[in-house]
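Below: one structure, written as structure tokens.
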Amino acid sequence: MGYDQKPIRSSSRVKCQKLHLAFLTTCCCLVSVTLLVGCSVSSTKLSSWPWNHAAPAAAPMAGGRIGSQKLVEAADKQELKPVCDFADTRSVVCELEGDIRIHGNSSSILFAGSSPASWQMKPHPRKDDPNALSHVTQISVTSFAADGDAPRCAVSSTTPAIVFSTGGYMGNPFHDFTDVLIPLFITSFQFDGEVRLLVGDIAPWWIQKYEPILTGLSRHDIIDLNRDDVVRCFPHVIVGLRFHKEMSIDPSRTQNGLSMLDFGRFVRRSFALRRESATKLGADRNKKPRLLIIARRATRVLENVDEVARAARGLGFEVVVAEAGRKTNLTAFARLVNSCDGMMGVHGAGLANFVFLPMNTTLIQVVPLGQLDEIARVDFGAAAEDMEMKYVQYGISEEESTLIEQYPRDHAVFNDPTAITKQGWTARRSVYLLNQNVRIDVVRFRDVLIQALEFLHRE
Ligand SMILES: *[C@@H]1O[C@H](CO)[C@@H](O)[C@H](O)[C@H]1NC(C)=O
Ligand SMILES: *[C@@H]1O[C@H](CO)[C@@H](O)[C@H](O)[C@H]1NC(C)=O
Ligand SMILES: *[C@@H]1O[C@H](CO)[C@@H](O)[C@H](O)[C@H]1NC(C)=O
Numbered sequence: 001m002g003y004d005q006k007p008i009r010s011s012s013r014v015k016c017q018k019l020h021l022a023f024l025t026t027c028c029c030l031v032s033v034t035l036l037v038g039c040s041v042s043s044t045k046l047s048s049w050p051w052n053h054a055a056p057a058a059a060p061m062a063g064g065r066i067g068s069q070k071l072v073e074a075a076d077k078q079e080l081k082p083v084c085d086f087a088d089t090r091s092v093v094c095e096l097e098g099d100i101r102i103h104g105n106s107s108s109i110l111f112a113g114s115s116p117a118s119w120q121m122k123p124h125p126r127k128d129d130p131n132a133l134s135h136v137t138q139i140s141v142t143s144f145a146a147d148g149d150a151p152r153c154a155v156s157s158t159t160p161a162i163v164f165s166t167g168g169y170m171g172n173p174f175h176d177f178t179d180v181l182i183p184l185f186i187t188s189f190q191f192d193g194e195v196r197l198l199v200g201d202i203a204p205w206w207i208q209k210y211e212p213i214l215t216g217l218s219r220h221d222i223i224d225l226n227r228d229d230v231v232r233c234f235p236h237v238i239v240g241l242r243f244h245k246e247m248s249i250d251p252s253r254t255q256n257g258l259s260m261l262d263f264g265r266f267v268r269r270s271f272a273l274r275r276e277s278a279t280k281l282g283a284d285r286n287k288k289p290r291l292l293i294i295a296r297r298a299t300r301v302l303e304n305v306d307e308v309a310r311a312a313r314g315l316g317f318e319v320v321v322a323e324a325g326r327k328t329n330l331t332a333f334a335r336l337v338n339s340c341d342g343m344m345g346v347h348g349a350g351l352a353n354f355v356f357l358p359m360n361t362t363l364i365q366v367v368p369l370g371q372l373d374e375i376a377r378v379d380f381g382a383a384a385e386d387m388e389m390k391y392v393q394y395g396i397s398e399e400e401s402t403l404i405e406q407y408p409r410d411h412a413v414f415n416d417p418t419a420i421t422k423q424g425w426t427a428r429r430s431v432y433l434l435n436q437n438v439r440i441d442v443v444r445f446r447d448v449l450i451q452a453l454e455f456l457h458r459e
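Going by full-length UniProt numbering, 75 is the number at position 75 of the sequence shown; the sequence numbering is gapless.
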């Protein structure tokens, strides 16, 4: 699975000459907009970058649109200029306004501009991950000076458009949400469905799987960018998806304080999930809350899942064990998750299904050995807390790891995981992620289940 293939952060960071736009940062509060010249992602030398003639400090903003980076009108107020954020560590996003012409099949976007400019970009928020980007078609963005220079519009639209790629690690629920669905929600929310999605590197089954979400974000048909051989014209185009943090949204970077609670509501509406909030147990100890155990069949298997289920039942839970595979009917699975009051599982992509839980629930993440605590927290824990769930992280002991059957107890695998980590992602992944199963000590784990139960009994 894609998540498992995630290479360690590339050290070949793009080296760029940055050019800060002071006049933008004054009005755009939190986001420092940095333009990049001659960056190695760009194969074209930007010798005459339009911003060289920077607009005056009081340059007016174009329109009253949402978003931190807005287009800035040039001094003559006739020409709208693109604004790109190349500084973000995960995502390159460019916003164009005016006369924009897209020819999908040649991966080219043209925009009207008096100064020549051209750059290439991959519209997928994993810019530091060459492995993911190797599945993403590069788009070239180029200015044209006069109408005669540009291809004719075959289809003219007044609707704005978002151009992005579903290449990368799509098919793994963690990546589906963290790399595309949540960033797309952030980027498209302002348009309230009145936006056209032009999607590169499409896998039809993926679009079908997430159709309830995609149709909730755009009421127009999706355009398969790589196979679209007409020139489409738009007045406003965002190329790339805004990324805030893993599996989550930073409300301070959105207008209207958009948050993961909004995403949860949106997802529940999209899949017609009935439960907004977990079962209110109050003081009634006879009501049984439902706990979903996400099973994994191939790697990081919870070997004694039956024993864990029995322990949870003994404490008063109704337990459901399920596995979400690539071919799982997502609507049916989302309903199952939403019928539960808590979810637990060993660290892995299946935990991304927590987005279907009702509010006021608990997410329990079981973290195997291998210094994975921070990754686990960043990938799912923080996001669950952003959804105001109770999040409990359970780091297993050596006795709960099947690694004790493979290595002597004085091995570096236990005593010096840093040494394994230093051998690189492949080694670390092989030892800790692919070849380690978990056998939870139900006596030790009881406390975690009780915490989840008490959270449900709170009110
Ligand atoms: C897209 O362009 C390629 C060449 O780059 C061509 O082979 C293919 O037929 C085109 N597809 C469509 C649907 O136009
Ligand atoms: C998926 O499950 C839903 C809900 O149970 C059902 O209505 C739908 O027909 C299923 N889709 C497919 C393709 O099986
Ligand atoms: C459920 O969670 C929401 C969001 O955190 C909160 O506003 C609400 O008060 C909670 N409801 C209950 C019954 O705890």
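Ideal Cβ placement from N, Cα and C applies to all residues, glycine included. Because the structure is a prediction, the values reported are computed rather than measured.
Relative to the C-alpha of residue i, which candidate in the options has its C-alpha closest?
i	options	result
glutamine 323	Gly316, Val305, Ala311 and Gly314	A small correction: the amino acid at residue 323 is glutamate; glutamine does not occupy that position in the sequence shown. Taking only the C-alpha atoms, the option nearest glutamate 323 is Val305.
glutamate 400	Val308, Ser218, Ala427 and Ser106	Val308
arginine 152	Ala272, Pro251 and Asp229	Asp229
serine 277	Gln255, Cys233, Gly193 and Leu357	Leu357
glycine 171	Ile202, Gln406, Ile162 and His236	Ile202
residue 484	His236, His135 and Gln436	A question about residue 484 goes unanswered here, because the residues of the chain that appear run from 1 up to 459.
residue 531	Glu374, Gln393, Arg275 and Tyr394	Since the first and last residues shown for the chain are 1 and 459, residue 531 lies out of range.
alanine 452	Arg310, Thr362, Ile420 and Leu273	Thr362
arginine 297	Asp441, Gln436, Gly148 and Arg126	Gln436
leucine 181	Ile102, Ala154, Phe243 and Gln406	Phe243
threonine 299	Ser188, Arg429, Gln120 and Ser397	Arg429
phenylalanine 271	Arg232, Gly316, Ala332 and Ser259	Ala332
Tell me whether residue i sits in a helix, a strand or coil according to DSSP, three-state version.
i	result
glutamine 436	coil
serine 277	strand
lysine 422	helix
glycine 342	strand
valine 230	coil
arginine 290	strand
methionine 389	coil
lysine 245	strand
alanine 384	helix
threonine 331	helix
isoleucine 238	strand
valine 83	strand
glycine 395	strand
isoleucine 213	helix
leucine 258	coil
glutamine 365	strand
phenylalanine 317	coil
valine 136	coil
alanine 452	helix
alanine 145	coil
alanine 272	coil
aspartate 379	helix
aspartate 447	helix
serine 373	The amino acid occupying residue 373 in the given sequence is aspartate; serine does not appear at that position. Aspartate 373 falls in the helix class under three-state DSSP.
aspartate 306	helix
alanine 324	coil
valine 72	Low local confidence applies: a pLDDT of 39 at valine 72 is under 50, so the model's placement there is unreliable, and no value is given.
Keeping to the same chain, check which residues put their C-beta closer than 6 Å to that of residue i; ignore five residues upstream and five downstream.
i	result
cysteine 94	Pro82, Cys84 and Val239
proline 417	Gly370 and Gln371
aspartate 99	Ala112
leucine 96	Pro82, Phe111 and Val237
aspartate 221	none
glycine 350	Ile294 and Ala324
glycine 264	Met387
leucine 330	Lys209
phenylalanine 414	Glu398
Looking only at its own chain, which residues have a Cβ that is under 7 Å from the Cβ of residue i, when we skip the five neighbours before and after it?
i	result
alanine 295	Leu302, Val305, Val321, Ala322 and Glu323
leucine 281	Lys287, Pro289, Leu456 and His457
arginine 377	Gln393
alanine 145	Ser114
leucine 261	Met387 and Glu388
glycine 395	Val367 and Asp373
alanine 384	Phe354, Leu363 and Tyr391
phenylalanine 185	Leu217, Phe263 and Phe266
If residue i and residue j are in contact, beta carbons under 8 Å, what's the gap, nearest whole angstrom?
i	j	result
leucine 198	alanine 150	So it is not a contact: roughly 18 Å between Cβ atoms.
leucine 241	phenylalanine 164	5 Å
glycine 193	serine 218	6 Å
serine 134	serine 107	That pair is no contact at about 15 Å.
valine 319	leucine 291	5 Å
Ordered along the chain, which non-local residues of its own chain (more than five positions away) have a Cβ less than 8 Å from that of residue i?
i	result
alanine 419	Ala412
tryptophan 160	As written in the sequence, residue 160 is proline, which differs from the tryptophan given in the question. The answer, listed in chain order, is Phe191, Glu194, Val195, Arg196, Phe234, Pro235, His236, Val237 and Ile238.
aspartate 224	Gly104, Val199 and Ile202
- Query: What are the complete alpha helix (DSSP H) segments, minimum 4 residues, inside the region 149-204?
  - Reply: Fully contained in the region 149-204 are the following alpha helix (DSSP H) runs of length 4 or more, in chain order: 182-188.
- What are the complete alpha helix (DSSP H) segments, minimum 4 residues, inside the region 87-125? If we require 4 residues or more, the region 87-125 turns out to have no alpha helix (DSSP H) run fully inside it.
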